[in-house]
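Remarks on the structure that follows.
4 protein chains.
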Amino acid sequence: MLSFVNDYCENAHEKILTRLLDGARVKNPGYGEDEICRSAAEKIRLACKCPDAQVRFLVGGTQTNQLVIDTCTEAYEGVIACSSGHVNVHEAGAIEFTGHKVLTLPEHDGKIDAGELEVLIKTFYADGNYEHMVFPGIVYISHPTEIGTLYTKKELTDLSRICREYDIPLFLDGARLAYALACADMGLSDVTLEDIAKLCDVFYIGGTKCGALFGEAVVFTHGNMPKRFVTRIKQHGALLAKGWLLGVMFDTLFTDGLYYELGHNAIERAIELRAALREKGYQLLFDTPTNQIMVVLENSRKAELAKKVNFSFWENIDENHTAIRFCTSWATAKEDVKKLIEIL
Amino acid sequence: MLSFVNDYCENAHEKILTRLLDGARVKNPGYGEDEICRSAAEKIRLACKCPDAQVRFLVGGTQTNQLVIDTCTEAYEGVIACSSGHVNVHEAGAIEFTGHKVLTLPEHDGKIDAGELEVLIKTFYADGNYEHMVFPGIVYISHPTEIGTLYTKKELTDLSRICREYDIPLFLDGARLAYALACADMGLSDVTLEDIAKLCDVFYIGGTKCGALFGEAVVFTHGNMPKRFVTRIKQHGALLAKGWLLGVMFDTLFTDGLYYELGHNAIERAIELRAALREKGYQLLFDTPTNQIMVVLENSRKAELAKKVNFSFWENIDENHTAIRFCTSWATAKEDVKKLIEIL
Amino acid sequence: MLSFVNDYCENAHEKILTRLLDGARVKNPGYGEDEICRSAAEKIRLACKCPDAQVRFLVGGTQTNQLVIDTCTEAYEGVIACSSGHVNVHEAGAIEFTGHKVLTLPEHDGKIDAGELEVLIKTFYADGNYEHMVFPGIVYISHPTEIGTLYTKKELTDLSRICREYDIPLFLDGARLAYALACADMGLSDVTLEDIAKLCDVFYIGGTKCGALFGEAVVFTHGNMPKRFVTRIKQHGALLAKGWLLGVMFDTLFTDGLYYELGHNAIERAIELRAALREKGYQLLFDTPTNQIMVVLENSRKAELAKKVNFSFWENIDENHTAIRFCTSWATAKEDVKKLIEIL
Amino acid sequence: MLSFVNDYCENAHEKILTRLLDGARVKNPGYGEDEICRSAAEKIRLACKCPDAQVRFLVGGTQTNQLVIDTCTEAYEGVIACSSGHVNVHEAGAIEFTGHKVLTLPEHDGKIDAGELEVLIKTFYADGNYEHMVFPGIVYISHPTEIGTLYTKKELTDLSRICREYDIPLFLDGARLAYALACADMGLSDVTLEDIAKLCDVFYIGGTKCGALFGEAVVFTHGNMPKRFVTRIKQHGALLAKGWLLGVMFDTLFTDGLYYELGHNAIERAIELRAALREKGYQLLFDTPTNQIMVVLENSRKAELAKKVNFSFWENIDENHTAIRFCTSWATAKEDVKKLIEIL
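Take a look at the structure:
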C-alpha cells in the first residue's frame, strides 16, 4: 500500500547506514567526545557561517526541546510559545515536567506574531503583581511550524529584535529544518540557515525527520551553551553512550549537501502533489510550501482513500468532513506521488 | 487614610488572637496531631453535613493549590482551570514547579463552562495522539472566582456531573469562601457549604482572607485524601510544626457561626458601597455580589481618589481609564464605608 | 503531667502574642513588604554586625532548607550534608523533591569535618567521570546540630575557608540558634552571631523553636540573595500573605535582647537538669551544652518515667535499653525542672 | 593501538547493521507500535519463560533507570540502592531530578545484602518519625554489578523474598546482562534469565553494552507496567520516534541465541586475560567472573602500558598505585587478547 503517513517511517538514508556498517568495528570514545562529532560540528558551523557556534547532538525532538528550555531558563521563568506549538500540545507535558510553564501566544498560520510577543512581555512587566507570575524566559518557535508554514525573514527578524531588546533567548525548533532550507533554496522562502544562526540564540537541525536514523543537532550561536551542559544532558537521561552515532548522522548529512538534497526531494514531491490536489479541486487546509499537505475530505471519500493509501488524521472539521495529512519526505519516491495522484 | 486595598491586611479576629494569648503556655503535640485540630475538623464536618470528610489544615492558598493538585493527580495528568484562574496566573508557576501542566478553558465572568469542559475532555480522548498529550487529571475552580463572581448551583452541579462521568476530581478553591457562604445566607447565591461538600471531591475553606491569621482547611469529601498526605505535605515544605495554631483558627471560626458572621460583614459593606457607586454613576466592571468591587475610573479621578483612600490596581482599560478594586472584608467598619462614600 | 517533649509545643512568648492582639486592626501591606519586616531586618543586621545582610522571613525550617538549597544551587549541583543532617533524614525528601541530591559526609558528634569536606570536593574533581556526577553545590550544617552539639569557631572557620576556596556557599541551619547563642553568651561556645554572619554565606535564625509562633529569618550575608527570590518563594508555595506576622515575631525577638533571654532560659534549665542526671548516675548519650539531653534508660525505667513525664523517643540502644530525649526550651519553668529532678 | 577501554565503543554486531541497511526503505509505524517490536518482545518473553511479561524498549541505561524508578514509585518514595550503585554515583542526579531520594545500603563486593535490606526497612517503620522520612519504594540492584560481580541465586532469592514481604518491587539493572547470562551458561553463575524473570518485578536486558547500537529492553514480569507508561516515556523526553529501531536491535539479539553468543565471547576473552594476569602475578582488585577486570598497577607501569593499550582509570589506590580496568566485550577479538597478554 502507498504511504504518505509521515516523514519518520523509514530507517535512514543509505549513505548513513552504509557508513555505520563500514565502521562496525572501529573503536570510538563515548559520550560525544569523538572525532566524528567534532567533524560534524565543524561542518555545521561552516554551513551556518557561524564559526563560534557550539554544537551538541541529541537523540530526539521532545528531548531536545525539554533540555534546551530547561537549561536556558531560570527556575522562575517559562517559555513563550504558540498555542499550537509542539511543546504546548504534543510533548505530554515534558516542559512542565522540568518545572517550567508554557506561556502561550495566539496562533496565526501556526506562527506567533512579534507585536503580540512584545505586548505579552510589556504587559508582564507592567503588571504590579509580576513577581507572583511566571517570567518570560525564552521564546520557542518552530520552523517549519507544526502545520508546515514558514516564518519570513522579516517575521524572524522582528521576533529576534524583540527578544534581544528584552534579553530573552530565541529558540528555533528545526525538527523539519531540511524542508524549510530546501524551500529557501528553491525561492519559496527567504530564510537561510545563515539567517537562522544570526537571528536565533539557539536552534536545532532536525535529523529524525530528515533522513537520519535519529538525532537533532543543537546549535548555540554565540557562546551561550549552558554551563555544565553535558551534566545536564546526563541528568535528563539523554546522554547517548555511543555519541559518535549522532556524529555519523550529521557528518553524513552535511557532506556534499546531502541534507539539502533530501530536503529538495520532499519539497519537489510536495509541489507535484499539491498541484495535482489543487487541479482536482481538493480543498487544502493551509497555504504552505513545505512537505505537509492537509486536505479536507468528505468522510466517505476519506474512508475510500484509506483503503489504498496511508495518511494521517489531522482534525475533525464537521460531522461530514475530516482534515487529513499527506506527508512527503526525504525518501518519497516520484513514482509513489504519481500513483497517489492517480488514486486521488 | 482609608483602606479598601484587600481582605488580608489585618491580623485576625480578636477571638482568635485572645485564644492564642490565653493558651500561650499550654503544651500541644506537633504537626496537627492535636485535640484542637480534631475539634476544628469535627466542626467543619458538621458544618458541611459531611460526616466522612477528611480535613487537614494548611498555611496558605498557593501552597494548598499546589499540594492538592500535585497529590490528587498522576504524574502524567494536568489541571483544567479557567484562563483567569489563580493557579494559571498568579502563583509564579507553583503548579508547573511540581510537574503538572495547567490546561486552560475560556473565562466567562471568571468561571468555566461545563459544556466547554466536556468538549475539552471529549476532544482529548478523540485525539489519536492523546498518549502524547497531558491527560486531564483534576478540575480547578474558585468560588468566589478571582473577579468575585459565584457559580450557581446548576453550574456547579453540571461541572460535578461531568467530572464524575469522566472520573476526574472537582477541586474548589475557597480562599474567599466566607463571602460566598454569606451570599448564600443572604439569598444572593444558591450554593451552600453542604452543596459544595456534595458536589466537589476536594475543596478548601479559606482562613487567610476571612478572619484568620492564616490557614486554609482542606476537605476531602469522600475518603479520598491522598495516600501518605502528611509525608507529601512535609516534602512540599508545608507542614507547620505548631499545627494546632491552624486548629485554633478554624475551631474559633467554626464556633458560634463566626465564619458566617465575618462573611456577612464583608457582604453587607459591599452592598452599601456598590449601591452608592451605582447611584453616583460609577461604572462597575463586573456584576458580582461578593466583596470585591472593580470600578472603571478616569485616570485623573483615580489619582485624586488615591490621595484619600487605598485601593488596588486591577487593569488598564484604555489610555485614559483604569479599573481599580475596592475590597471589603470581615474587618471592614461601617463608618469606613460611609467615609468612602462621602469621598466618591 | 510534666513535659520535656520538645521546644515547639507552646504558642509563643507573651510579648509576641500581645503585640498581635494590640495590632489586630492595623492595616499592613502584604507579602513581607511592610515596615515591621523592615524594622525586624534592620535589628537582625545590627545584631549580626552585618550591615549589608539581606534578610527575608519564612514560615518553617524544612521550607527554608528546601528554598535556600534550591535557589542557591544550579540544577546540576547537590548539597553536602552530614549523614545525620535534618535535610538528609527528616524532611521527607524535600531536597530531592526540588531535584537536588544530598551528598553525605560522615557524622562526628553530629558535625561534619572540614578535612573530609575537602577530600570529598577534591575527590570529585579528580574523578575522570565527574561530569556524570552530582556537583558539590552548597554545604549544609546545623548549629546546634540535630543532636545538640555545637561547632567551635575553629571548626566553622575551617569549613568556611574550604567553602570559599572552592566557591561553594556555606549554609547554616539555625533552627535552634537561640540556644547556641546563649551558650556563647555563657562561655559554653566560642561562636557568636557575628562570627556566623562572617563565616557563612547564608544562615537562618530560628523562630519556631525559640519563642515565636513560627518563622525563620534567612540572612544572606554579602548581597548573595538569589535572583527573584520572592518569585521563588511564591513558586514553592511558601510566601505568607500576611508577611508582617513574621516581622512581628522577629522584631519582638530582637528587641531588648529577648531572643538571647529566651535562649538563656533553655540553657540554664538544661544545665540544672544535666547536672542532676549526672549526679544521679544517668548515662548521657552525647556531651552537649545545648537544650537537648539524650539519656540512655533501661526499658522498664523508661516505662515507669513515661507515666509521670512526657519525653521523646530518641533511638533503640539494645534489647533492654532505649535512648530518650528531654528537651528544655525558651518556656521551660524552673519549677518543672525541679519536679523532674525529683522524679528521676 | 589495542583497546580494552570499555564495552560500548563499537557500533553494533554486523547482523544488526545489515538488517538496518536491508530495511532502509521499509515504512514502519512510529513510537514502538510496530511488528518488529512485537516480535522482539515475544522472543524476550520466550527467553524469559515469562509469557505474561510486558516488554518495552528504551534507548539508554540512565534513561531507563530514571524512568523505571520514577514510574514504579510514589512521589513520597525513594529507591534503595548500593552505595556504589550506578543510580547513586554516576547518573548526575537523574533520580533526584525526578524527585526521588536514593537510600543507600553498604556495598559488599558491589552488592547489597538481604539482611541489611530487611534491617533498613524494619528500622524505617520502627521509627516514630517515619512519616517525616522518605519511604522505601523500590530496590535497585545491578547484575553484573558496577564492579563486575554477580548475585548468586540464593542472594537474589533472599532479596526477592524480602521485597515481596514488604511489597516493594525489586528492579534489576541488566545493562551488562549478556555477560551475566554467559557466566550462567558456562557454569560460573547459577542465575539464569528465567530466574531473574521470576525473582524480579522489573528488569532490563542491556543492548548498548552487549552488541546493539543502543537500547535497553525493559521487562515488567507480572502485568505491573506502570499506567500510561508511553505517556511517561514521552514526558521524560525518552520516546524514540523510530521505535522499531529498538525492535531491530532486540529481535536480532534474540534470534538464534545471538545475545548469548556475544556474551560468551566477552567472558571467554576475560577468562583468557584474567588467567594471564594471574599467572604474571598481577594483583586483581576484585574476584569476578565477568568482563571487567580491575588491576592494581604501579603508576610507572601504568604509564608504560598506556602507550600500548587503551584501558580506563578505575581509582587511586595510594600515592604510587592505581587501579585500572581492562574491559572485554561482545566484539573483543581473540588476537587482541593475545597481543595484550604479550604486552603485559
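Top to bottom, those sequences are chains A, B, C and D.
Just so you know, we're using our numbering here: the first sequence kicks off at 7 and counts up by one.
Just so you know, we're using our numbering here: the second sequence kicks off at 7 and counts up by one.
Just so you know, we're using our numbering here: the third sequence kicks off at 7 and counts up by one.
Just so you know, we're using our numbering here: the fourth sequence kicks off at 7 and counts up by one.
Positions of the beta carbon are idealized from the N, C-alpha and C atoms, including for glycine.
Asked, Found
"Kindly indicate which three-state DSSP category S89/B falls into: helix, strand or coil?", "coil"
"What residues in its chain sit with their C-beta under 8 Å from that of S90/B, if we drop five residues either side in the sequence?", "E113, G116, T151, E152 and I153"
"Just how far apart, CA to CA, sit R234/C and A81/A?", "10 Å"
"Per DSSP, which one or two residues make a beta bridge with F332/A?", "I299/A"
"Report the residues of the segment 125–136 of chain B with a CB closer than 8 Å to any CB of chain A, ordered along the chain.", "A132, G134 and N135"
"In angstroms with no decimal places, state the Cα-to-Cα distance between W336/B and T258/B.", "14 Å"
"Could you tell me whether any Cβ in chain A is nearer than 8 Å to the Cβ of F103/B?", "yes"
"For G143/A, would you say it is in contact with chain B, using Cβ-to-Cβ distances shorter than 8 Å as the test?", "no"
"So, for E3/A: in the same chain, excluding its five sequence neighbours on each side, which residues have a beta-carbon less than 6 Å away from its beta-carbon?", "This structure cannot settle anything about residue 3/A, because the visible part of chain A is limited to 7 through 350."
"Please say whether G105/A and E325/B have beta carbons closer to each other than 8 Å?", "no"
"Taking Cβ-Cβ distances below 8 Å as the criterion, which residues of the segment 205–238 of chain C are in contact with chain A?", "K233, R234, V236, T237 and R238"
"Quick check: is the beta carbon of K240/B nearer than 8 Å to any beta carbon in chain D?", "yes"
"T328/B: which of S195/B, L290/B and D196/B sits nearest, CA to CA?", "L290/B"
"Spell out whether any CB of chain D is found under 8 Å from the CB atom of M139/C.", "yes"
"What residues in the segment 314–346 of chain B have a beta carbon less than 9 Å from any beta carbon of chain A?", "S318, F319, E321 and N322"
"Report the rounded CA-to-CA distance for A276/D versus T334/D, giving the unit in angstroms.", "6 Å"
"What are the partner residues of L290/D, as DSSP defines its beta bridges?", "V301/D"
"Between the alpha carbons of R62/A and A188/A, how many angstroms are there, rounded?", "23 Å"
"Of the residues V197/C, T70/C and K286/C, which one's Cα is nearest the Cα of A100/C?", "T70/C"
"Cβ of A244/B less than 8 Å from any chain A Cβ?", "no"
"Please state if the CB of S148/C and the CB of A184/C are separated by a distance shorter than 8 Å.", "no"
"Can you pull the chain A neighbours of L176/D, defined as C-beta to C-beta under 7 Å?", "In chain order: nothing, as chain A lies at least about 21 Å away."
"Using only alpha-carbon positions, find the residue among G287/C, V208/C and Q298/C that is nearest to R170/C.", "V208/C"
"Please report how far the alpha carbon of V254/A lies from the alpha carbon of L205/A, in whole angstroms.", "28 Å"
"How many angstroms separate the CA atom of A30/A from the CA atom of G217/A?", "20 Å"
"Quick check on I118/D: does DSSP put it in helix, strand or coil?", "coil"
"Beta-carbon within less than 6 Å of H19/B's beta-carbon, same chain only, minus the 5 sequence neighbours each way: which residues are those?", "G217"
"Leaving aside the five residues before and after P295/A along the sequence, list all residues of the same chain whose C-beta is less than 6 Å from its C-beta, in chain order.", "C189 and L194"
"Taking 7 Å as the cut-off, is the CB of V108/C close to at least one heavy atom of the ligand NAP?", "With respect to small molecules bound, the structure shown includes none, and the ligand NAP cannot be examined in it."
"What does Y82/C touch in chain A if you count any residue whose Cβ is under 7 Å from its own?", "R234, T237, R238 and Q241"
"Count the other C-beta atoms from every protein chain shown that fall within 10 angstroms of the C-beta of N230/D, then say buried if there are 16 or more, exposed otherwise.", "exposed"
"Taking only three categories from DSSP, how would you classify I42/A?", "helix"
"Check the DSSP bridge columns for P142/D and list the partner residues they point to.", "G84/D"
"In the segment 24–36 of chain A, which residues sit with their C-beta less than 8 Å from some C-beta in chain D, listed in chain order?", "T24, L26, L27, G29, A30, R31, V32, K33, N34, P35 and G36"
"In three-state DSSP terms, what is E341/A?", "helix"
"Could you tell me the boundaries of the beta strand (DSSP E) in which Y136/B lies?", "Unbroken run through Y136/B: none, as it is neither H nor E."
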